[in-house]
Amino acid sequence: MDLPHSAGSWSTEISWVSLDPGYPGNVTYLTAKESRLTLVMGNVGVDVDLDVEHGVPDANYVIQETVKSILECVKEQFHTNQLPPSIYMVHSSLRNLCPKSFNPRVVSIGPLHRDDENVKAFEGQKVTYLLRLLRHLNSPPEDTLKACAKKVKDSIDEIRACYAGIKPYGDVEFAKMMVMDACFILEFIHHNLKSDESISRKMLLAQSVIYDLVLLENQIPFFVLDAIFQCTFLELYPDSTLIEFIHPLLTLVNLFETKLRIHKISTGAHFDHILGLLHECYLPLCNILSNFSSSTVHSAVELDRAGVNFKPNRDAKSPMAIDVNLHNFPCFPWPGFKPTLRMPVLRVGHFTELVLRNLMAYEMCHRGCNYITSYAISMDMLVDTHEDIAKLVEKKVLVNNMGSNEAAADMINSICKEVVRVNFGCDEEWKELDNYCKGYWPKNMVWLKRTYFSSPWNIVALVAGMVLFFLTVVQTFFTIKPAGNTD
Numbered sequence: 001m002d003l004p005h006s007a008g009s010w011s012t013e014i015s016w017v018s019l020d021p022g023y024p025g026n027v028t029y030l031t032a033k034e035s036r037l038t039l040v041m042g043n044v045g046v047d048v049d050l051d052v053e054h055g056v057p058d059a060n061y062v063i064q065e066t067v068k069s070i071l072e073c074v075k076e077q078f079h080t081n082q083l084p085p086s087i088y089m090v091h092s093s094l095r096n097l098c099p100k101s102f103n104p105r106v107v108s109i110g111p112l113h114r115d116d117e118n119v120k121a122f123e124g125q126k127v128t129y130l131l132r133l134l135r136h137l138n139s140p141p142e143d144t145l146k147a148c149a150k151k152v153k154d155s156i157d158e159i160r161a162c163y164a165g166i167k168p169y170g171d172v173e174f175a176k177m178m179v180m181d182a183c184f185i186l187e188f189i190h191h192n193l194k195s196d197e198s199i200s201r202k203m204l205l206a207q208s209v210i211y212d213l214v215l216l217e218n219q220i221p222f223f224v225l226d227a228i229f230q231c232t233f234l235e236l237y238p239d240s241t242l243i244e245f246i247h248p249l250l251t252l253v254n255l256f257e258t259k260l261r262i263h264k265i266s267t268g269a270h271f272d273h274i275l276g277l278l279h280e281c282y283l284p285l286c287n288i289l290s291n292f293s294s295s296t297v298h299s300a301v302e303l304d305r306a307g308v309n310f311k312p313n314r315d316a317k318s319p320m321a322i323d324v325n326l327h328n329f330p331c332f333p334w335p336g337f338k339p340t341l342r343m344p345v346l347r348v349g350h351f352t353e354l355v356l357r358n359l360m361a362y363e364m365c366h367r368g369c370n371y372i373t374s375y376a377i378s379m380d381m382l383v384d385t386h387e388d389i390a391k392l393v394e395k396k397v398l399v400n401n402m403g404s405n406e407a408a409a410d411m412i413n414s415i416c417k418e419v420v421r422v423n424f425g426c427d428e429e430w431k432e433l434d435n436y437c438k439g440y441w442p443k444n445m446v447w448l449k450r451t452y453f454s455s456p457w458n459i460v461a462l463v464a465g466m467v468l469f470f471l472t473v474v475q476t477f478f479t480i481k482p483a484g485n486t487d
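Under full-length UniProt numbering, think of the first position of the sequence shown as 1, with each following residue one higher.
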């Protein structure tokens, strides 16, 4: 947009409207009258004095008003959203790698995917779940809904601050969305996961919904869910907490065979949402992160050839703990002297990538720790090909439900693309393994196994060569010393 060069010609008010008035970074409109220029950006307006003689704003005034405008923006942001939002659209660098891992398949929770075509058909089902929930309670339905609506209205500004990039919603529409979605989640868990009916019969219909509830972009704040729980199901479960109520859902999306230890989570702990609670279940008791080193990466097959033994880590203090036990005499090949790599038993299925990517996105965009990302990097180091998957399955540290080792290897190899490797939770363990593999005996054992024992044909060729060599020696011996010659 070009401005006139002569401010003296502005005897009447002139107005321009930007092409994208809804975007807060654009000039929503600009007015000019006599020697004053007004630029309105979002909710903030800037008045600029004009140099009437030259038709340009005064430089010092522009600087002062710019600083003032920025401070007003910061002040407004501080009062409306003191904490960074915890529910947001995943950055395109991660989302574009696998969009289906972040988009809900069946049900929309919260405002970010409310207008997606594929989830609109399920909105009517939420009413069915709400009616079913109200029938469980002894309180009159209207009183229950009033209590829920009041809880949401009292904290509606705080709820809005939990979201980033949402379109404007009126208070009534936004409050209705929170109440309906929270009631749906609670009744879905109660009906499908906590009832006495056979879960397996209903899981075919409920599975997609279950995984929709752990998507980063498909959440409502945990304190909203807890407030609605207090108004509804606490009547049926007076001795239960919301964490205990949600536990069956978390068990179904758990990545490992080790049970989630929700009893170790403090009742006063803060969780952003259901995904945040799942993330909390995987955290170690103390900080174990360190800077990412440049240690040589060894695959599972290479470690096995070097004599490293793999064992499930079922009794670890942390659900994702990876431990290395080295012995004083690693040169001996016997089992008692082999170094041992203990790992949690990972269950690889068709939804494993979805859960991992959302936990990693949550860490990278919001959390100050990256334990899930560190574990994913560790698995990416161990797995290069389908042979590594086969080795981990053989050692009982991985359960592959994907149908093929190639599919599992491709998933693990792709999970860490576009991931910045800064802090690492298994750095010491990989350094120990790297130092071990660089030793004389392990290094030569790897070469020997790769050269002569990598396939059945190599083994046959080695045995044939050894037999041929033995026969050649015998033949040479009897040639030099014929039979019957005793001298």
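Glycine is no exception: its CB is placed at the ideal position from the N, C-alpha and C atoms.
Taking the DSSP output, what are the residues bridged to Asp323? Paired residue(s): Arg342.
8 Å CB neighbourhood of Val297 in its chain, flanking five on each side removed: Closer than 8 Å at the Cβ level, and outside the excluded window around Val297, lie Met381, Trp430.
On the criterion of 16 or more Cβ atoms from any shown chain inside 10 Å, does Leu471 qualify as buried, or is it exposed? With fewer than 16 other Cβ atoms within 10 Å, it is exposed.
Alpha carbons only, please: which of Ile189, Ile70, Ala121, Pro104 is nearest the one belonging to Phe229? Comparing Cα positions, the closest option is Ile189.
Using DSSP's beta-bridge definition, name the partner residues of Lys311. Bridge partners of Lys311: Arg342.
Straight-line gap, Ala408 to Cys73 (C-alpha atoms, nearest Å): Their Cα atoms are separated by approximately 48 Å.
Which residues share a DSSP beta bridge with Arg357? Paired residues: none, contrary to the question.
To the nearest whole angstrom, what separates the beta carbons of Val179 and Val152, a pair I think is in contact under 8 Å? Between Val179 and Val152, the beta carbon gap of about 6 Å places them in contact (Cβ cut-off 8 Å).
With DSSP as the reference, label Leu303 as helix, strand or coil. DSSP places Leu303 in helix when its eight states are reduced to three.
Tell me the DSSP secondary structure of Ile87 in three-state form. Of the three classes helix, strand and coil, the one that applies to Ile87 here is strand, per DSSP.
Which word fits Asn218, buried or exposed, when buried means at least 16 other C-beta atoms lie within 10 angstroms of its C-beta? Its Cβ being crowded by 16 or more others within 10 Å, Asn218 is buried.
Give the secondary structure of Val399 by DSSP, where H, G and I count as helix, E and B as strand, and everything else as coil. Assigned with DSSP and collapsed to three states, Val399 falls in strand.
Pairwise C-alpha distance: Asn309 and Phe184: Straight-line Cα distance between these residues: approximately 47 Å.
For Ile274, count neighbouring C-beta atoms within 10 Å of its own C-beta (all shown protein chains included) and say buried if the count is 16 or more, exposed if not. Within a 10 Å sphere around the beta-carbon of Ile274 sit 16 or more other beta-carbons, which makes this residue buried.
Grab the span of the alpha helix (DSSP H) containing Pro248 for me, first residue to last. Where Pro248 is concerned, the enclosing alpha helix (DSSP H) starts and stops at 242-253.
Within the region 95-178, ranges of the alpha helix (DSSP H) (whole runs, at least 4 residues): With a minimum length of 4 residues, the continuous alpha helix (DSSP H) runs that stay inside the region 95-178 are 117-120, 123-136, 141-154, 156-161.
Spatial neighbours of Lys259 within its chain, please: C-beta separation below 8 Å, excluding the five flanking residues on both sides. Thr251, listed in sequence order.
Helix or strand or just coil, what does DSSP make of Phe469? Of the three classes helix, strand and coil, the one that applies to Phe469 here is helix, per DSSP.
Cα-Cα separation, Phe256 to Tyr375: Their backbone Cα atoms lie some 12 Å apart in a straight line.
Alpha carbons only, please: which of Phe122, Glu394, Leu249, Glu428 is nearest the one belonging to Val214? Nearest C-alpha to Val214: Leu249.
Is it buried or exposed, Met466, if we count other Cβ atoms within 10 angstroms and call 16 or more buried? Sixteen is the threshold: since fewer than 16 other Cβ atoms of the shown chains lie within 10 Å of the Cβ of Met466, the residue is exposed.
Start-to-end residues for the alpha helix (DSSP H) that takes in Glu387: Under the DSSP assignment, Glu387 falls in the alpha helix (DSSP H) whose first and last residues are 386-394.
Alpha carbon to alpha carbon, what distance is there between Val119 and Leu105? In the sequence as presented, Leu is not what sits at residue 105; that position holds Arg. Looking at the two C-alpha atoms, the distance is approximately 7 Å.
Work out the CA separation of Phe351 and Gly306 for me, nearest whole Å. Rather than Gly, the amino acid found at residue 306 in this sequence is Ala. Ala306 and Phe351 have their C-alpha atoms some 33 Å from each other.
Among Leu112, Ala182, Asp157, whose alpha-carbon lies nearest the alpha-carbon of Val127? Selected option, being the one with the closest Cα: Ala182.
Are Ile372 and Met360 close, meaning C-beta to C-beta below 7 Å? Here Ile372 is near Met360, since their CB atoms are less than 7 Å apart.
When you compare each of Ser378, Cys162, Asp212, Ser240 to Leu271 by their alpha carbons, which one comes out closest? In the sequence under discussion, the amino acid at residue 271 is Phe, which differs from the Leu named in the question. Minimum Cα distance to Phe271 is reached at Cys162.
Whole angstroms is fine: what's the gap from Asn254's alpha carbon to Ser378's? Here the alpha carbon of Asn254 sits roughly 18 Å from the alpha carbon of Ser378.
In the DSSP output, what is Val348 paired with across the bridge? In DSSP, Val348 forms a bridge with Asn400.
Give the single residue among Val348, Asp226, Ile166 whose Cα lies nearest to the Cα of Asn401. Residue Val348 holds the alpha-carbon nearest to the alpha-carbon of Asn401 among Val348, Asp226, Ile166.
How would you label Thr232, buried or exposed, when you count the other beta carbons within 10 angstroms and need 16 or more for buried? Within 10 angstroms of the beta-carbon of Thr232 lie 16 or more other beta-carbons, which makes it buried.
Report all residues from its chain with a CB closer than 7 Å to the CB of Arg314; omit the five preceding and five following residues, and keep chain order. If the five residues before and after Arg314 are omitted, its C-beta is found closer than 7 Å to the C-beta atoms of Thr258, all from its own chain and listed in chain order.
In its own chain, which residues sit with a C-beta less than 7 Å from the C-beta of His136, not counting the 5 before and 5 after it? Correct list, in chain order: Leu236.
Assigned secondary structure, Phe477 (DSSP; H/G/I helix, E/B strand, else coil): DSSP, reduced to helix, strand and coil, places Phe477 within a helical segment of the structure shown.
Classify Glu117 as buried or exposed, calling it buried when 16 or more other Cβ atoms lie within 10 Å of its own Cβ. Result: exposed.
Under three-state DSSP, which class holds Phe271? Phe271: coil per DSSP, three-state reduction.
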